[in-house]
Structure formats: C-alpha cells, structure tokens
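Participant: Here our numbering is used: the first residue of the sequence shown is 1, the next is one more, and so on. One structure, as structure tokens, below. Some questions next.
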Amino acid sequence: MRIIEHVKEILRKHVKVWTILISILLILVNYFIIINLNHNHLSFTHLMYIPIVISGSLLGYLYGLGIAVIAGFVVGPIMPRDLITGEMQFWGDWFARLLMMALVGVIAGYFGTNYRKSSIRIKELELKHIESGLFNTKYLKDMTLSNNQFYTIGTLIIGNAHAICDVQGYETYYAYLRKIAENLKSTYPNIEVVQPEIDHLWFIKISDHFDEEIKTILHVIQSSKKIGNDTLFIDYALGFTQRKHLFEKEVSKYFIQSDIAAREAKGKNLPYLTYKDVKTNRQFEYELLTDFEQALHDGEIYLVYQPKIDLKTKRPVGLEALIRWEHPIKKSIAPDQFIYAVEKTNMIHEMTQKVFEWSLMYQTRLKEHKINIPISINISTKNLYDIYFFDKMIEIFKRFQIDAKMVEFEITESLLMENPESSKRMLEALSNFGFKIAIDDFGKGYSSLAYLAQFPINTIKIDRFFTNQVLINPTTQHIVKATIDLAKQLGYEVLIEGIEDQDTANLLEKLGCHTAQGYLFMRPRKGEEVLDYLKKYR
Ligand code: G
Ligand code: G
Ligand code: MN
C-alpha cells in the first residue's frame with residue numbers, strides 16, 4: 001500500500017519528465033514492433049497515437065504536438081514502405097500521416113488542459129465559499145495535526161454579522177472577512193483560516209507564544225475594520241484554545257472548545273476568553289452550585305440586615321435583608337460571586353423563598369420586642385418569570401402575622417428591562433396584594449423615570465455610583481437633583497445608597513432625599529446586632 005502511494009507521489013511530482021520519457025519509450029517500442037512485423041507494417045503506425053494522446057492530455061497541446069512530430073518522423077521519412085524491398089515512402093503519404101498525428105496531439109492537449117482546469121475549479125468550489133472566497137470546513141477534513149506540535153486554535157464570532165450585511169451590504173461584509181484572513185496570513189504565513197458559518201471564522205496555527213498570538217490576533221481583527229471608505233462597527237468576540245498534548249489528531253475537536261470560549265466571551269461582553277478560563281469558571285460554578293443547595297438548609301447561608309435611615313430624623317425606618325454565605329472551605333463568598341450562578345438555575349426560586357421566609361421570621365422576632373419596621377428583600381427577575389412565584393410567596397407570607405405593607409421587594413432596574421412585560425404583570429400582582437416595590441441600583445441602567453412610571457413602584461434607590469460622585473462632580477449633582485425632583489413629583493420615595501460620610505449625607509438631605517443607606521450609619525449586620533441597635537430607637 002505504502003509503496004503504491006510512494007510511486008504515485010513520485011509520478012505526481014515529476015509528471016512532465018515521466019510522461020515524456022514514457023512517450024518516447026512507447027515510440028521506440030512501436031518502432032521495433034513495426035520493423036519486426038515486416039509485412040503490412042504501416043497499419044501498426046496507428047500505435048503511435050497512444051504516446052501522442054498520453055502526452056497531449058497530460059501535458060497540454062504543445063507537448064502533444066511535439067510528440068506527434070517525433071512519432072510522425074519515426075514512422076515517416078526514416079522508415080521504408082516495404083521492409084523487404086527497402087522501398088521508401090512517398091513523402092505525401094507520411095506527411096499526411098504526420099499532420100493527422102499533430103492534429104490529434106493538439107486536440108488531446110486542448111481537452112486535457114480544459115479538463116485539468118475544470119477539476120481544479122470544481123475542487124475550489126467544493127472547498128471554498130462562493131461569496132467570501134474563504135475555505136469552508138471541508139478544507140480541514142484532510143488536515144491532521146502533527147504529533148509533536150502545539151497549536152493555537154481560535155474562533156471569531158461576529159455578533160452583528162446580519163446587521164452589517166443589512167446596512168453595509170454583503171459585499172462589504174465578505175470583504176471584511178477576506179481582509180481579516182489576508183491580514184492574519186501576512187502576520188502568520190503558516191496560519192489557516194476557515195469560515196464555518198456566515199458569522200464565524202476559525203483559525204489554526206502552530207503555536208509559538210500562545211499569549212502573544214492572542215494579542216496579535218485581537219489586534220488584527222480590530223484593525224481590519226476599514227473597508228474602502230467604510231469603517232465597520234464590529235461586535236465581535238474571540239475564543240481561544242491551545243493543543244498542548246496529544247489528545248486528538250483531528251482538528252475539528254479543538255474548534256468545539258474555541259467555539260465554546262468565544263460564545264462565553266460574547267455572552268459576557270468580553271473581547272476574548274480562553275477555553276481554560278471557561279472550564280475553570282464552569283468548574284467553580286459547578287462546585288458552587290453543588291454546595292449551594294446543602295448550604296441553604298444547614299445554616300451556611302443566612303441573612304444580614306442594613307438599616308435605612310430617615311435623613312431628617314436620623315432614625316431607622318426600614319431594613320434591607322442581604323444574603324451571606326459562610327462556606328467552610330471557600331470561606332465567605334460574596335453574593336455577586338454566587339447569585340449570578342444560582343440565577344441560571346431553578347435554585348433561584350428556592351433561594352428567594354428562603355430569604356423571604358427568614359426575613360419574615362426576623363420581622364416576627366422584632367415584633368416580639370415591640371419593634372415594628374419594614375424589611376425589604378432583593379428578588380431576581382428570574383423569580384418574576386416563574387408563574388408560580390406569586391402563589392408560593394403568598395403561601396409563605398400567610399404563615400406569619402405581618403402586614404403586607406411592611407414588606408418590600410427590591411428589583412434592579414437593568415434586570416427589570418430585560419423582560420418588562422412579564423415583570424410588569426408580576427409586580428402588579430405583588431403590589432395589588434399590598435407589598436411595596438423598590439427599584440434598586442437606579443441610574444446604573446439607562447431607563448428613564450418616565451418609562452419606569454408604568455410599573456407599580458413605591459421607592460427609587462439611587463445607585464451607589466452617584467453617591468460617590470455627588471460631592472466632587474457638579475454634573476452628577478445636577479443629575480441626582482433632577483432625579484430626586486422628578487421621582488418626588490411621580491410620588492416615589494427616594495433612597496440613596498452607599499453613604500459613607502457626613503458631608504454627603506448633609507448634601508443629599510438638602511437635595512431632598514428622604515432616606516439613605518450606607519456604612520456611615522451601619523454596615524449590614526447579623527440579626528442579633530441589628531436587634532440591639534434597633535432597641536435604642538424603640
Ligand atoms: O450584600 P452585598 O453586600 O454584597 O450585595 C451585593 C449584591 O447582591 C447586591 O446587588 C444585592 O442586591 C444582591 N443581593 C444580596 N442579597 C440578595 C438576595 O437575597 N437575593 C438577591 N436576588 N440578590 C441579593
Ligand atoms: O444593590 P443593592 O443595593 O442591593 O446592594 C447593597 C450592597 O451595597 C450590599 O453589597 C451592601 O453591602 C453594599 N453597601 C451598603 N452600604 C454601602 C456603603 O456605604 N458603601 C459601599 N461601598 N457599599 C455599601
Ligand atoms: Mn438592594
């Protein structure tokens with residue numbers, strides 16, 4: 001098998017030399033056949049068409065012609081008409097034969113060349129996209145990774161490919177893809193670029209310096225977006241993986257990894273991620289979620305409370321319940337580290353129900369100490385999408401003797417906007433039942449108060465970001481003032497988050513803020529401590 005391959009390879013490499021040699025050899029063999037079969041020899045001259053057709057079809061019409069002339073002479077002037085008598089041929093006879101042979105050589109050459117051209121074109125059409133001219137995935141089929149090499153493998157996702165095509169036209173978009181491929185090739189001559197889908201590019205190169213290659217490729221993609229007079233807006237993300245060990249010989253397996261990394265980067269609005277990052281993140285998330293369910297039931301997860309202070313009277317007028325996780329190995333895990341993961345699963349419902357139940361238990365305990373204070377809990381919009389959420393919350397609530405207006409639900413502005421329709425229905429149900437609704441982190445998103453007015457809202461909580469800026473930045477001060485004024489006109493309570501110093505507290509009181517939360521007054525604390533604190537104001 002290997003010998004055959006080997007021979008084929010040698011024949012392919014020196015096709016010209018072999019064809020000419022074989023053709024001349026055949027002419028000589030024919031010559032000896034003719035002169036040894038002594039009578040009626042001229043009918044054997046037709047054997048000469050074999051080397052003529054071979055060289056014409058394999059090497060083109062010039063070679064076909066050349067071999068025809070040689071063959072024509074061999075069976076022409078130098079060959080007697082009769083071998084026994086030695087009578088020579090009439091020149092018109094052999095010359096007519098030579099012309100026939102030349103014609104056949106040229107025709108064979110013409111068709112041979114055309115055939116080769118079309119097969120190259122067919123092969124090209126099979127391996128390339130018609131529009132972009134870039135290789136498609138079939139191109140990778142024959143590629144196997146060599147044993148002792150590292151490879152850098154990447155996926156580029158163009159999130160707004162369809163928008164670019166709609167606005168700038170397909171031609172511009174494909175020109176952009178081609179430009180990326182060209183620029184990558186001129187940076188790394190050994191890189192292979194493939195277009196698996198309209199909005200994806202794959203590339204693979206032998207890895208020299210993985211981290212540097214990531215940076216270079218990022219740079220190439222950013223700097224390729226000027227096409228003619230247009231500069232495109234590209235919403236892209238890149239995913240990278242590296243083949244370091246001999247896991248797979250097949251390339252396609254690695255593109256699955258770089259695709260995953262690119263999708264993850266896209267989802268997180270990052271310019272790129274490596275598969276390794278994604279894997280460790282996923283592992284972290286997976287372990288976290290495995291522990292979370294247990295932790296919710298065995299006391300590792302609990303609530304702390306932060307008072308809300310009336311800026312005029314300086315007295316606590318409410319509490320916000322905030323979740324905490326004291327993990328035995330990972331130590332204390334901040335909510336921003338686990339809530340986003342829990343939110344991706346069904347456990348977010350159980351978490352919110354637990355938080356609700358615990359805060360109601362705490363409120364009941366405060367009542368036993370003659371302390372009657374509203375408590376707010378944070379809910380996720382994922383909760384609002386659950387059609388059973390309302391019923392489950394009411395079921396929990398009915399187990400306690402607490403007035404609904406003493407309970408507030410905080411929902412962040414940006415999350416609310418992800419699905420305003422279903423959020424609105426759920427918030428209306430909660431509000432109609434008598435619960436209060438607060439918009440958390442207001443100002444971090446981009447919604448206007450006018451838009452928010454369609455939701456049943458009682459309180460606006462202005463985001464910490466503005467609090468930090470309000471003393472030093474006059475523009476922020478104007479924004480905060482205008483927000484407070486409008487919110488009050490719409491009948492909302494206004495709370496400012498994250499007050500850490502007295503000057504800011506004074507200023508915000510002057511600007512008309514009703515209530516505030518912040519380290520200046522009290523950090524979030526465990527129930528016991530907050531109870532002691534509240535007793536002083538009873
Ligand atoms: O508590 P911390 O101090 O770290 O809060 C960080 C973020 O986590 C805040 O945006 C807060 O709204 C959110 N958060 C805290 N507790 C809860 C909770 O019980 N449920 C939900 N959904 N979010 C919470
Ligand atoms: O987004 P939400 O308002 O639910 O988040 C409350 C978060 O703000 C909690 O993480 C809480 O610990 C934090 N927080 C409360 N007061 C302050 C403060 O004065 N300064 C800062 N930096 N964070 C605060
Ligand atoms: Mn909050």
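Every residue gets a Cβ at the ideal spot worked out from N, C-alpha and C, and that includes glycine.
(1) Among residues of its own chain, excluding the 5 on either side of Gln-580, which ones have a beta-carbon nearer than 6 Å to its beta-carbon?
(2) Ser-258 and Trp-325: beta carbons closer than 9 Å?
(3) Is it right to say Glu-287 is buried, meaning 16 or more other beta carbons lie within 10 angstroms of its own, or is it exposed?
(4) Please determine if the segment 154 to 166 and the segment 233 to 240 are in contact, where contact requires at least 3 C-beta pairs separated by less than 8 Å.
(5) Tell me whether Tyr-272 is buried or exposed, calling it buried when 16 or more other Cβ atoms sit within 10 Å of its Cβ.
(6) Check whether the Cβ of Leu-270 lies closer than 9 Å to any Cβ atom in chain D.
(7) Could you check whether the Cβ of Asp-386 sits closer than 8 Å to any heavy atom belonging to ligand 1?
(8) Take Ala-429 and list the residues in its own chain whose beta-carbon comes closer than 7 Å to its own, dropping the five residues that flank it on each side.
(9) I'd like to confirm the pairing. Which residues does DSSP put opposite Lys-128 in its beta bridges?
(10) State the DSSP-derived secondary structure class of Tyr-174, mapped to helix, strand or coil.
(11) Taking the continuous alpha helix (DSSP H) assigned at Gln-195, which residues delimit it?
(12) When you compare only the Cα positions, how much space is there between Arg-544 and Val-17?
(13) Applying the 10 Å Cβ sphere with the 16-neighbour rule, what's the burial state of Leu-490?
(14) Does the distance between the C-beta of Asp-463 and the nearest non-hydrogen atom of ligand 3 fall short of 8 Å?
(15) Ile-234 lies in the beta strand (DSSP E); which residues open and close that run?
(16) Going by C-alpha distance, which of Met-101, Phe-150, Leu-534 and Val-15 is nearest Lys-314?
(17) Heavy atom of ligand 3 less than 8 Å from the Cβ of Glu-320, yes or no?
(18) What do you reckon, is the C-beta of Asn-147 under 8 Å from a heavy atom of ligand 3?
(19) Note down, one range per segment and in chain order, each beta strand (DSSP E) of at least 3 residues found wholly within the segment 338 to 375.
(20) Can you tell me the Cα-Cα spacing of Ala-487 and Lys-436, whole angstroms?
(21) For Thr-280, tell me which candidate among Val-251, His-46 and Glu-264 has the shortest Cα-Cα distance.
(22) Using the rule of at least 16 other Cβ atoms within 10 Å of the residue's Cβ for burial, across every protein chain shown, is Arg-97 buried or exposed?
(23) Decide if Gly-56 is buried, meaning its Cβ has at least 16 other Cβ atoms within 10 Å, or exposed.
(24) Just to confirm, is the Cβ distance from Ile-206 to Gln-149 under 9 Å?
(25) Starting from the N-terminal side, write out each stretch of the alpha helix (DSSP H) that is 4 residues or longer and does not extend beyond the segment 282 to 325.
(26) Please report the straight-line C-alpha distance between Ile-10 and Leu-58, rounded to a whole angstrom.
(27) If we count the other Cβ atoms within 10 Å of its Cβ and call it buried at 16 or more, is Gly-434 buried or exposed?
(28) If you check the beta carbons only, do Tyr-340 and Leu-322 fall under 9 Å apart?
(29) With 16 as the cutoff for other CB atoms within 10 Å, does Ile-122 come out buried or exposed?
(30) Can you tell me which of the three DSSP states Met-88 falls into?
(31) Let me know the secondary structure DSSP gives Glu-529 once reduced to three states.
(32) What would DSSP say about Phe-32, mapped onto helix, strand or coil?
(33) Over the uninterrupted beta strand (DSSP E) stretch that includes Pro-80, give me the two end residues.
(34) Closest to Ile-462 by C-alpha separation, out of Asn-473, Thr-483 and Asp-310, would be which residue?
(35) Going by Cα to Cα distance, which pick from Gly-92, Arg-525 and Ile-191 is closest to Thr-152?
(36) Can you tell me the Cα-Cα spacing of Val-480 and Asp-310, whole angstroms?
Facilitator: Working from what's here:
(1) Any property of residue 580 remains undetermined from this structure, which presents the chain solely from 1 to 538.
(2) The beta carbons of Ser-258 and Trp-325 sit no closer together than 9 Å.
(3) exposed
(4) yes
(5) By the 10 Å Cβ count, Tyr-272 comes out buried.
(6) The chain inventory of the structure shown lacks chain D, comprising one protein chain alone.
(7) no
(8) Phe-390
(9) DSSP, once it has assigned bridges, lists Phe-135 as partnering Lys-128.
(10) helix
(11) For Gln-195, there is no enclosing alpha helix (DSSP H); the residue is found in the beta strand (DSSP E) stretching over 192 to 197.
(12) Limits of the chain in this structure are 1 at one end and 538 at the other, which puts residue 544 out of reach.
(13) exposed
(14) no
(15) Note, Ile-234: premise wrong, no beta strand (DSSP E); not H, not E.
(16) Leu-534
(17) yes
(18) no
(19) none
(20) 16 Å
(21) Nearest option by C-alpha distance: Glu-264.
(22) When all chains shown are included, Arg-97 counts as buried.
(23) buried
(24) With respect to the 9 Å criterion, Ile-206 and Gln-149 are classified as neighbours on the basis of their beta carbons.
(25) none
(26) 15 Å
(27) exposed
(28) no
(29) By the 10 Å Cβ count, Ile-122 comes out exposed.
(30) Three-state result, Met-88: strand.
(31) helix
(32) helix
(33) According to the DSSP assignment, Pro-80 belongs to the beta strand (DSSP E) that extends over 80 to 82.
(34) Ranked by Cα distance from Ile-462, the first of Asn-473, Thr-483 and Asp-310 is Thr-483.
(35) Checking every option, the nearest Cα to that of Thr-152 belongs to Ile-191.
(36) 18 Å
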